[in-house]
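Just below is one structure, and these are the notes that go with it.
Protein chains: 4
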Amino acid sequence: MSELLSVLQRCGIAVGEIQGGALAVRSPVDGAELARLRETSPDEVNGSIAKSAAAFLKWRMVPAPVRGELVRLWGEELREARRDIGWIVSIEAGKIIEEGLGEVQEGVDICEFALGLSRQLHGKTIVSERPGHRIMEQYHPLGPVAIITAFNFPSAVFAWNAALALVCGDPVIFKPSEKAVLSGLATFRALERAIARFGDRAPDGLAQIVIGSAPLAEMLVESPSIPLVSATGSTRMGRIVGPKVASRFGKRILELGGNNAMVVTPAADLDMAVRAILFSAVGTAGQRCTSLRRLIVHRSVKAALLAKLLKAYADLRIGNPLVAGTLVGPLIDQRAFDALQHAIATAQQQGGKVLAGGQRMLAEEFPNAWYVRPAIVEMPAQTAIVREETFGPLLYVLAYDAFDEAIAIHNDVPQGLSSCIFSNDLREVETFLSAAGSDCGMANVNIGPSGAEIGGAFGGEKETGGDRESGSDAWKQYMRRTTNTINFSKELPLAQGINFS
Amino acid sequence: MSELLSVLQRCGIAVGEIQGGALAVRSPVDGAELARLRETSPDEVNGSIAKSAAAFLKWRMVPAPVRGELVRLWGEELREARRDIGWIVSIEAGKIIEEGLGEVQEGVDICEFALGLSRQLHGKTIVSERPGHRIMEQYHPLGPVAIITAFNFPSAVFAWNAALALVCGDPVIFKPSEKAVLSGLATFRALERAIARFGDRAPDGLAQIVIGSAPLAEMLVESPSIPLVSATGSTRMGRIVGPKVASRFGKRILELGGNNAMVVTPAADLDMAVRAILFSAVGTAGQRCTSLRRLIVHRSVKAALLAKLLKAYADLRIGNPLVAGTLVGPLIDQRAFDALQHAIATAQQQGGKVLAGGQRMLAEEFPNAWYVRPAIVEMPAQTAIVREETFGPLLYVLAYDAFDEAIAIHNDVPQGLSSCIFSNDLREVETFLSAAGSDCGMANVNIGPSGAEIGGAFGGEKETGGDRESGSDAWKQYMRRTTNTINFSKELPLAQGINFS
Amino acid sequence: MSELLSVLQRCGIAVGEIQGGALAVRSPVDGAELARLRETSPDEVNGSIAKSAAAFLKWRMVPAPVRGELVRLWGEELREARRDIGWIVSIEAGKIIEEGLGEVQEGVDICEFALGLSRQLHGKTIVSERPGHRIMEQYHPLGPVAIITAFNFPSAVFAWNAALALVCGDPVIFKPSEKAVLSGLATFRALERAIARFGDRAPDGLAQIVIGSAPLAEMLVESPSIPLVSATGSTRMGRIVGPKVASRFGKRILELGGNNAMVVTPAADLDMAVRAILFSAVGTAGQRCTSLRRLIVHRSVKAALLAKLLKAYADLRIGNPLVAGTLVGPLIDQRAFDALQHAIATAQQQGGKVLAGGQRMLAEEFPNAWYVRPAIVEMPAQTAIVREETFGPLLYVLAYDAFDEAIAIHNDVPQGLSSCIFSNDLREVETFLSAAGSDCGMANVNIGPSGAEIGGAFGGEKETGGDRESGSDAWKQYMRRTTNTINFSKELPLAQGINFS
Amino acid sequence: MSELLSVLQRCGIAVGEIQGGALAVRSPVDGAELARLRETSPDEVNGSIAKSAAAFLKWRMVPAPVRGELVRLWGEELREARRDIGWIVSIEAGKIIEEGLGEVQEGVDICEFALGLSRQLHGKTIVSERPGHRIMEQYHPLGPVAIITAFNFPSAVFAWNAALALVCGDPVIFKPSEKAVLSGLATFRALERAIARFGDRAPDGLAQIVIGSAPLAEMLVESPSIPLVSATGSTRMGRIVGPKVASRFGKRILELGGNNAMVVTPAADLDMAVRAILFSAVGTAGQRCTSLRRLIVHRSVKAALLAKLLKAYADLRIGNPLVAGTLVGPLIDQRAFDALQHAIATAQQQGGKVLAGGQRMLAEEFPNAWYVRPAIVEMPAQTAIVREETFGPLLYVLAYDAFDEAIAIHNDVPQGLSSCIFSNDLREVETFLSAAGSDCGMANVNIGPSGAEIGGAFGGEKETGGDRESGSDAWKQYMRRTTNTINFSKELPLAQGINFS
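So the sequence lines, in the order shown, correspond to chains L, W, P and E. Sequential numbering from 1 applies to the first sequence in the UniProt record's numbering. Sequential numbering from 1 applies to the second sequence in the UniProt record's numbering. Sequential numbering from 1 applies to the third sequence in the UniProt record's numbering. Sequential numbering from 1 applies to the fourth sequence in the UniProt record's numbering.
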């Protein structure tokens with residue numbers, strides 16, 4: 001425990017901060033309480049919103065490349081604190097340490113990407129149909145951005161959003177998941193250190209954090225002073241947040257559920273497929289939004305693939321994620337465990353056959369923690385339970401005969417986040433990537449559905465929300481666009497050749 | 001009336017179609033009934049949606065440049081029918097004939113623009129951080145698009161949306177305003193003729209029309225088979241449509257109210273400003289979403305500007321919009337007239353002084369039509385009524401002293417569609433276009449807020465909806481994006497350098 | 001002959017024009033003289049250059065979308081005249097009629113593409129590091145463009161260049177190959193008709209033609225009034241033109257020789273490969289710049305592929321290209337025939353084995369024309385002659401064992417235009433397209449090297465010239481870019497934070 | 001002198017390196033010899049080229065974001081060494097220390113910009129006209145890049161080019177000016193330190209330096225193994241390099257002479273103009289390629305402007321650039337001084353009147369250095385000498401009456417690098433930036449011609465060379481583009497609908 005304190009301290013979190021509050025943070029590793037934090041009060045939230053609105057008026061006037069300098073400093077701070085924050089992520093979210101480090105690395109990466117953007121934020125110049133006129137579009141800062149994140153990426157998702165928002169000229173208010181506050185706080189503190197180094201070019205209130213539960217998030221969602229709400233979580237949450245924000249004409253970035261599948265064809269390299277399945281189905285104990293949940297495998301290679309897969313599953317090191325060599329850590333809490341059990345039972349009722357896993361593990365060692373052996377359930381068809389997202393290490397296996405059938409099964413779920421195919425057959429691969437292929441926001445080839453690079457746009461279609469974070473032109477969502485037509489002639493011609501006189 | 005019949009016939013609308021139905025279409029020109037159309041039944045709407053979904057599966061497989069050929073043909077048809085459709089727009093929506101023609105020209109323009117897009121629809125290729133990997137993003141067809149339009153642009157807004165949707169691979173279902181069905185129908189028939197020429201590469205159900213009132217529109221808004229709803233209308237409507245579409249994870253393009261202003265500074269060319277005000281405040285009888293509603297003028301030039309403006313208003317030719325030389329036609333209906341009267345009265349209660357207009361005109365000649373003399377109301381401050389959008393030829397005049405004040409007044413309304421400044425002063429102009437300037441989706445210089453070219457993105461911020469139509473990258477909203485990472489190596493490295501083995 | 005006259009007349013070429021001149025145009029079909037045209041005199045060329053420079057000053061002021069209208073009209077004219085121009089191309093360049101028509105279709109396509117561009121020509125808006133500053137880049141018209149084309153695409157290459165140049169604001173001076181003047185002239189006349197319809201918005205001298213031989217082309221290459229020279233032809237020509245233009249700081253677009261190869265791997269669909277080889281090796285009698293010249297086939301499938309290929313070659317219909325069903329027309333002239341013979345003989349000296357073809361055909365029927373049976377020569381290695389481009393239907397066959405070897409052979413020639421692979425193996429395909437793969441400007445998969453669409457950029461690397469025509473952002477070469485930094489503040493900060501006071 | 005040694009040592013340059021060689025480096029500050037370096041031998045140059053070609057084969061396989069990491073490290077090294085390198089630039093090139101530091105800052109900036117690019121390097125995905133086909137373009141590494149720089153930006157221009165080249169996958173060979181070798185070497189050593197930290201992912205020979213005179217540069221220019229030559233220098237040099245590179249089908253980036261002007265209109269803020277003139281005309285002693293050389297001022301404000309300007313010139317602190325407060329350091333050598341004298345004399349012969357400056361300064365204190373009082377020469381017209389670039393602090397003043405005349409004078413020189421206007425009049429400003437305005441690669445408003453930010457493209461038109469460095473899409477020049485069409489169908493349709501069977 002003293003290790004926790006010293007890590008937190010190095011991350012800028014004082015002992016006093018994690019004691020005496022009402023919000024208990026527990027480690028899924030052993031169920032022990034890590035901290036008790038004070039919740040932000042509703043009045044404080046309102047105060048933060050007001051401060052953020054005031055900060056916006058100043059921050060938008062700071063040139064974007066100068067804003068980029070702040071993000072560069074944040075990247076430096078994250079790089080510096082990588083080990084510590086990664087460790088906190090690991091102990092608090094239950095990820096293995098490698099993944100905890102990888103998550104902080106994503107923060108570093110997005111800071112560098114945003115630094116590059118800070119001299120771009122390109123709009124277009126456009127030719128006009130009228131003499132002595134020109135058109136251009138500019139992207140301008142939008143206003144305060146609320147960032148509401150989930151427990152499973154308690155550091156990176158904040159960094160993804162905040163790095164872009166800050167470079168785009170927007171103050172941020174961060175509401176981390178109650179289940180992983182410390183990771184969020186540590187990431188936030190790194191930003192605060194960067195702001196301190198950046199000096200008085202950063203207005204007061206540029207980055208703020210709100211600690212507490214759903215009602216505080218709702219305040220952010222409903223505030224007309226917050227033009228953009230970025231929320232990561234369940235489809236259920238999105239179904240509430242989306243309409244609320246829409247009803248006040250706000251913008252939103254929703255990153256909701258996934259029901260990510262892999263198609264394995266006869267032309268696949270099965271050994272590579274097995275390794276990819278392993279990482280994406282059991283990594284983070286199946287609690288990534290991009291975790292692999294459905295395996296759609298050609299009947300001719302099903303037996304061979306399953307044999308390899310079951311062997312690999314049997315060898316999985318499950319346990320304390322902080323221990324080197326562990327590949328599968330705990331579920332976040334009992335509720336997650338119960339949901340998993342329920343899904344497995346329901347799947348069985350719907351004809352499924354459990355090929356592996358599902359059992360609770362290490363109950364004696366960790367009576368208050370919820371380790372589970374990753375499960376594989378073979379299904380006769382894509383039944384109702386398969387169409388749902390169960391947030392844990394549960395992999396459904398479905399067989400297909402014709403390639404079109406594989407795609408039909410693939411797309412026949414309400415979610416649309418990530419997907420992949422394993423095949424070395426060009427036609428199969430390109431078809432999977434085509435207009436008639438996967439309907440997900442991400443479609444990969446010979447890699448799992450999980451583990452996107454920050455250069456591409458991240459996000460999904462259908463019930464996943466339809467929005468994008470991270471690379472490509474995702475930054476545009478954090479800005480407002482203005483189309484400008486400038487007449488520098490002495491005439492006043494109308495568009496479309498209209499004569500009005 | 002026989003002229004109407006023959007024009008309609010040339011536009012492909014048979015006599016039988018406009019008789020005997022329950023939906024009466026009246027001309028605002030004289031209040032006479034133009035047609036009685038049969039409403040589409042709810043069952044038929046459901047049938048159309050199903051047909052559209054089926055058409056999508058085929059249309060998405062037609063190569064985009066071939067889809068472009070359909071849009072090219074539509075452009076030809078619109079070019080051919082320009083006079084006729086323009087005339088129908090004029091008689092049905094009450095616009096002067098020049099504007100009716102201009103509206104059809106916008107349809108021609110967007111078809112040509114979409115034709116160009118049909119060989120672009122560019123995603124990005126992106127470098128990967130992993131050896132033997134590459135990333136690309138592709139844009140794919142999205143699915144059926146519902147296009148719900150308003151009476152004031154009964155032809156062009158459909159064309160804007162449908163031309164892009166069709167090129168992007170999406171079937172369309174068009175629901176024109178009940179108040180301007182014929183214009184919509186005529187534009188739609190031109191598309192049907194293009195489809196006929198295009199031949200069997202176009203699937204059945206590629207373009208469909210739904211005739212009737214709000215409940216039919218609601219069916220489209222709520223259908224999970226329609227991933228994109230493009231709706232033009234009031235903020236009130238948007239406040240309903242937005243959340244409904246969001247609750248089913250659909251996408252939407254909302255083009256809602258505007259409260260568009262012009263800032264006139266001491267450095268303005270006042271004569272140009274007057275001409276611009278005239279077109280944008282009284283054109284279409286003030287019933288454009290981009291109509292000028294607020295004039296924010298520097299105190300030093302207010303008197304001079306108003307003198308010129310009142311003179312110009314006094315000379316306005318108001319009357320039958322089909323008659324050459326008319327500049328101001330009728331309001332769409334009595335409700336519009338009443339709303340205008342109400343706004344003027346309220347403005348007066350709030351301290352306003354009517355400088356001109358507001359009176360009903362030509363009541364004897366056209367007892368069932370609602371002509372009005374365009375009004376100018378000087379306000380002591382931007383009161384509540386000024387912050388509302390009144391859809392008619394009512395221009396509020398507000399004075400300012402310092403330039404910052406002008407911008408503050410400008411932005412202090414809930415709507416955010418269009419805006420402009422008249423000034424030859426570079427600093428003023430650039431400030432108006434900057435991050436600290438106009439907060440509208442469109443900000444023009446030395447032209448009115450009205451009359452955008454199709455090359456730029458059209459749309460507004462805040463309660464205007466936040467979405468974009470027409471040029472720039474507006475087409476992206478009609479497609480789904482897929483981020484593809486392709487591993488063509490024999491290794492399986494993870495992003496962010498994670499080691500999982 | 002009377003058919004020729006009437007076709008020419010329909011194309012706007014009068015009888016008087018094709019008689020009595022010094023420049024004889026012969027048909028490769030039968031060697032008969034088609035026309036005798038008057039050569040443009042050097043004085044006239046100088047006059048044209050001066051006129052073009054004057055036209056530029058006006059044309060650059062015509063808004064780009066209006067310039068787009070001219071190109072739209074040209075596209076209409078080409079569509080109208082497609083049969084006729086296609087026929088002239090066929091009789092004059094010896095292409096089969098299908099290819100003649102396809103060539104005119106490319107003209108239509110590029111006109112439509114350019115029409116779309118006419119509302120884009122996008123530069124970027126860029127954020128500045130200094131407060132109160134903004135940056136943008138604009139693309140502006142460049143000046144007169146000389147277009148020097150070769151006999152083998154006498155219509156399309158002019159259209160490719162002129163459509164872009166005109167939309168970009170540049171007048172054009174066209175110098176068609178002496179060997180195919182009529183095709184160029186007919187295409188040019190279609191442009192003249194479009195200009196006539198376009199009316200007086202087009203300045204005098206906007207599009208001009210220069211008829212004659214190399215010295216006239218040199219005048220264009222050397223003129224300081226012509227900022228851009230687009231020249232298609234041999235590497236030898238490019239080696240002269242490039243330095244000349246560079247020495248006067250002009251820009252150039254060079255489309256020079258290709259030595260295009262196909263790699264056929266064991267994972268190829270051999271039947272598809274054979275069809276692709278056929279079209280790309282013998283189409284246009286091997287006289288496309290993108291014609292297939294080298295077949296690099298895996299040793300394990302070589303025999304099978306050659307068997308199929310030889311069978312297909314044996315069935316080739318060789319003869320009058322105007323006759324339906326003919327697939328291989330004549331060589332352009334005796335010099336081409338002699339060069340082909342020389343190459344075959346040299347190849348044999350270098351170890352090659354003639355598997356098929358090479359013989360003169362139809363010598364009795366057409367004593368003055370040069371038909372040849374397409375040749376296949378198997379080579380033991382890529383010798384010196386294989387590294388040269390021989391402009392005719394001569395296909396070298398080379399075997400490879402390891403895939404890396406195939407790529408090494410592929411790239412080991414000085415030219416870098418087009419290339420392709422036939423394989424259904426994803427790894428092979430992606431490697432071929434990767435940084436370590438084909439070094440050509442175009443690299444295709446499962447289609448031949450020939451027959452690009454106009455949406456992509458066309459052109460090649462290394463001795464092919466390095467420039468691009470047609471789609472993507474090729475238009476940028478026809479414009480000048482200007483980077484604008486606008487200071488609208490009252491301060492004068494320096495970039496990089498320099499303090500100078 | 002011991003300060004020099006310790007600064008050099010901190011920069012990684014050992015004492016041994018700067019002694020005993022044949023190449024003497026002198027400081028323009030006092031004419032003293034700073035170092036004697038060994039010249040690279042021709043054999044060594046050939047060896048470097050071969051090593052670079054070998055390094056390319058490996059470096060192109062390193063993923064771009066990993067290459068970005070190298071550039072990030074270089075940026076760190078430059079940031080660290082900023083003071084030292086800035087000091088060396090100052091003592092070696094004679095710039096004042098503020099400018100020396102600014103120059104290194106540009107290196108830092110471009111490294112960060114390139115870091116951002118390292119996850120972009122975007123090509124386009126493009127829709128195909130054929131079913132089952134797709135098109136994309138990729139940018140791939142090009143090969144070794146030679147970077148030949150001039151004395152006046154001995155650090156930044158190398159960084160500009162090398163940062164982009166390295167991220168794009170190209171090894172670099174750097175040939176700094178003989179007159180400023182130490183600055184180049186210090187910048188290069190910072191890169192070497194970054195490479196050392198980067199470790200063995202960097203192949204041997206990734207970055208190399210060649211020290212010596214013109215013949216060595218020529219070897220690089222002529223080598224077929226170097227596909228891109230980036231050369232900064234005089235127009236005279238460019239006239240040699242351009243054709244040489246063209247004759248071997250290489251690519252080039254030429255940044256040659258400028259004859260940069262400022263137009264001052266009656267609507268200008270004269271005080272701001274004076275400050276801008278001062279920095280851009282006398283900064284770096286007028287030895288920037290973007291230095292202001294021509295002042296085109298409206299007759300009505302000429303007297304007022306000149307009065308202010310002459311006063312400012314009279315107050316200029318001229319002297320040792322290392323001393324705080326100095327604004328004008330020495331010319332680089334006597335030749336520069338003589339050229340300046342010659343220009344002033346010629347200008348006088350052509351009617352010019354010397355208003356200020358031209359005299360040698362501090363000759364007693366620094367008998368071997370060439371300080372000069374910046375000169376202002378009023379010209380009756382733009383005579384021949386004004387059309388030439390004289391590389392020193394010589395400002396010609398020309399009067400104009402009508403605005404069109406100002407632009408005509410402005411453009412009537414053979415060079416086309418940078419330009420600016422001082423005016424607060426929107427019409428003047430926009431006209432200056434329009435197609436009919438300045439014909440330079442850079443056109444600024446209310447800032448001088450000098451001091452570009454790295455986000456925009458840097459470079460000029462006409463005899464300046466036509467190429468671009470730094471921001472926007474300048475990186476594309478360092479890569480080769482490949483257009484890929486992929487057929488994943490089982491059919492083989494031809495483009496343009498050609499039928500060949």
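C-beta atoms are modelled at their ideal positions from N, C-alpha and C, and glycine is treated no differently. In this text, all values refer to a predicted model and were calculated from it rather than measured experimentally.
Problem set entry | Proximal chain W residues relative to E106 (chain P), where beta-carbon distance stays under 9 Å | Result: empty, since nearest Cβ-Cβ is about 12 Å, beyond 9 Å.
Exercise. In whole angstroms, what separates the C-alpha of V221 (chain W) from that of D204 (chain P)?
Worked result: 55 Å
For this session: Can you pull the chain E residues whose beta carbon is under 8 Å from the beta carbon of I454 (chain L), in chain order?
Result: R119
Exercise. If we cut at 8 Å on Cβ distances, does residue 530 (chain E) have a partner in chain L?
Worked result: The displayed coordinates of chain E run from 1 to 501. Any statement about residue 530 (chain E) would go beyond what the structure contains.
Problem set entry | Cross-strand partners of I376 (chain E) (DSSP beta bridge) | E:A356, E:L395
Problem set entry | Neighbour list for R481 (chain E) in chain P, Cβ cutoff strictly below 9 Å | G441, A457, G459, E461, R468, S472
For this session: Can you give me the start and stop residues for the beta strand (DSSP E) that A146 (chain E) sits inside?
Result: 145-148
For this session: Note down the Cα distance separating D333 (chain L) from A35 (chain L), rounded to an integer number of angstroms.
Result: 16 Å
Problem set entry | chain P residues whose Cβ lies nearer than 8 Å to that of R60 (chain E) | A435, A436
Exercise. Along chain W, in chain order, which residues have C-beta atoms closer than 7 Å to that of L426 (chain P)?
Worked result: F488
Exercise. Hey, is the stretch 221-234 of chain W in contact with the stretch 156-174 of chain W, meaning 3+ C-beta pairs nearer than 8 Å?
Worked result: yes
For this session: Using a Cβ cut-off of 8 Å, pull out every chain E residue sitting near N260 (chain P), in sequence order please.
Result: Within 8 Å Cβ-Cβ: nothing; N260 (chain P) doesn't reach chain E, min ~13 Å.
Exercise. So V413 (chain E) and V377 (chain E) are in contact, right, with Cβ under 8 Å, and what is the actual spacing, rounded?
Worked result: Contact doesn't hold; Cβ gap of about 16 Å is too wide.
Exercise. Quick one: Cα of R294 (chain P) to Cα of L327 (chain P), how far?
Worked result: 20 Å
Exercise. Which whole-angstrom value is the C-beta distance of G94 (chain W) and P28 (chain W), which I expect to be below 8 Å?
Worked result: 4 Å
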